[in-house]
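Numbering (our numbering), first residue to last: 52 to 529. Here the structure comes first, spelled out in C-alpha cells, and everything after it is commentary.
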Ligand SMILES: [Zn+2]
C-alpha cells in the first residue's frame, strides 16, 4: 500500500492519510447552491473533489470509497430567486421547481468535465433530512448551547467558546465576542463572529416546515450550516474521513459545521481531514457579476472550447494555489489537451495489443512509469507533477501497447476521456482520408517522396495528420 498525503486545514500541515476504517473511505463535499449556473470558480471545486475521489479509488478500489454530496436547495438565495421566477406558485412548490432546474444544469456541466456522479446525493429541502436537522438542533438545545429568540434558534458561540476552541479552520479572536449578538445571514464575514442561526423562523411568503422545540411552535426552515452537519452524519456516520470545499467555505460554514456536530453528536472531532481548494481569479481579479467576468461552461462552449480543456487547465495548477484564469491560458490548455489526445490516438492506431488490452482490460501497466505518477498524485494531489510523469511515459521508448495501457490507467485519475479515443478515431476517419493515406503509403513504398509529401499536405487540408512511425503510417485528427 502506498502512502497518501493531504494538506489538512485543521492541522495546517501535510499529513499521512489514514482512514478510520482500514480499507474504506468516506468523503463529503459541499455541493452547489442551486440558484444559478455554476461559474468556473465553483466548478474548480468539483473538479478538485472529483480528482480527490478518483485518487482515493485508484488507491483503495472503486467500491471502497463513498462520495457524498449535498445540494443546497433551501437558503436565502434559492428562496429569494424562486419567488421571483414563480410568483404564482406556492412557496415550497416554487422552491422545488426552481432548484430542480438548476440542479439539472449542474449535473450536465459536471458530466462535461468528466466529474463522476457522487454515490450519494442529499437534498437539504428533503423532508427526511429536515427531520434530521431538527433532531440535531434539539440535541444542541438540550445540551444548553442553543437558545430561542423571536421564533428562530441560535447557536450560543459565546458559551461554547468558554469550553471549546472556536476558530479551528481559521484564526478567530473570541475576546471580542459579545453575548446575545446574533447573525441571521447564512453567509457572513470572518470579523463578524456572533451567535449564528440554526433554525430560521418563518417569514411571510417563505417555504417552511413545522418544528416544535421546548414546547414552542417554531415554523421555519433550517440554517445553511446545520444542513451539512445533519446530512454528513446521515450519509457517513460520525466521525468520518474527509470533508472538502472551496476556501470560502472555511468560515463560517465549515467552522460552524464542526461545532454543531461536536455538541449535537457528541464527537470530539467530527471530520479528520478538511481539504480546501483555493480561489479562482479571472485576469487577476475576483470573479463577480459586477466585474463582467462571471464565466460558465456555456461561455467556453460558445468559443468552441472543449470543457475538458478547462479540466486540463485545473490539473495544471495545484488545488491549493490561487488559479488565474485567462482565455489565453485556456486556449493553451486546449492545445495541450489536443496534443495529448493525438498522442494517445496514435498509440491506439498503431497498437493491436493495446487495442485488445483496452477492450478486455488486460493490464500491461508499466510499473517503472506508474510509480512516479502514483507518488505525485498521492503527494497532496500534485497534478502538475503527475502530468509531467505522463509526458515522460509518452516520450519514452516503451512499446506502444504498454504505453497505451499505462496512460489509460493514469486516465482513471486524470479523467481526460483518453480511454475512448481509439474508438472515436476509427469511426471518424472518413473514407476519403483512408484513400489518401493508402495512396501515400504506396507512394512511400515506391520511394516517390514528392507525391507522398503532396498527399500528406492534402490529408492535412482535411484536418488530419499523417505521421510516419516505427510501426508504420499513423493517421490522426489534427
Ligand atoms: Zn456544506
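Ideal Cβ positions, reconstructed from N, Cα and C, are used throughout, including at glycine.
Which same chain residues end up closer than 8 Å to residue i when comparing Cβ atoms and leaving out the 5 residues on each side of it in sequence?
i: residue 299; result: 330
i: residue 268; result: 261 and 262
i: residue 446; result: none
Closer than 8 Å, CB to CB, is residue i near chain D or not?
i: residue 256; result: Absent from the structure is chain D; it holds one protein chain and no more.
Going by the C-beta, is residue i closer than 7 Å to any heavy atom of ligand 3?
i: residue 279; result: Ligands present in the displayed structure are limited to ligand 1, and ligand 3 is not among them.
Can you find a heavy atom of ligand 1 that lies under 7 Å from the Cβ of residue i?
i: residue 93; result: no
i: residue 81; result: yes
i: residue 17; result: Since the first and last residues shown for the chain are 52 and 529, residue 17 lies out of range.
i: residue 121; result: yes
Among the residues of its own chain, which have a CB less than 7 Å from the CB of residue i, if the five just before and after it don't count?
i: residue 302; result: 220, 221 and 241
i: residue 297; result: 96, 327 and 328
i: residue 366; result: 434, 438 and 465
i: residue 160; result: 89, 94 and 348
i: residue 163; result: 348 and 358
i: residue 143; result: 258
i: residue 488; result: 510, 517, 524 and 526
i: residue 131; result: none
i: residue 375; result: 332 and 335
In the DSSP output, which residue or residues are listed as bridge partners for residue i?
i: residue 77; result: 117
i: residue 326; result: 295
i: residue 523; result: 520
i: residue 531; result: Given that the chain is displayed from residue 52 to residue 529, the structure contains no residue 531 and the question cannot be resolved.
i: residue 66; result: 57
i: residue 515; result: 528
i: residue 195; result: According to DSSP, residue 195 bridges with nothing at all.
i: residue 333; result: 336 and 376
i: residue 234; result: 247
i: residue 24; result: Not covered by the structure: residue 24. The range shown for the chain is 52 to 529.
Here's the rule: buried if 16 or more other CB atoms are within 10 angstroms of the residue's CB, otherwise exposed. What is residue i?
i: residue 525; result: buried
i: residue 384; result: buried
i: residue 325; result: buried
i: residue 462; result: buried
i: residue 349; result: exposed
i: residue 226; result: exposed
i: residue 342; result: exposed
i: residue 155; result: exposed
i: residue 150; result: buried
i: residue 513; result: exposed
i: residue 73; result: exposed
i: residue 71; result: exposed
i: residue 485; result: exposed
i: residue 360; result: buried
i: residue 456; result: buried
i: residue 278; result: buried
i: residue 181; result: buried
Taking a contact to mean a Cβ-Cβ separation below 8 Å, would you say residue i touches residue j in this structure?
i: residue 134; j: residue 86; result: no
i: residue 264; j: residue 199; result: yes
i: residue 99; j: residue 370; result: yes
i: residue 252; j: residue 315; result: no
Using a Cβ-Cβ cut-off of 6 Å (strictly less than) and excluding sequence neighbours within five positions of residue i, which residues of its own chain qualify?
i: residue 276; result: 304, 307 and 308
i: residue 283; result: 79
i: residue 123; result: 84 and 175
i: residue 477; result: Here the model assigns residue 477 a pLDDT of 47, short of 50, so the residue's position is not dependable and the matter cannot be decided.
i: residue 436; result: 427
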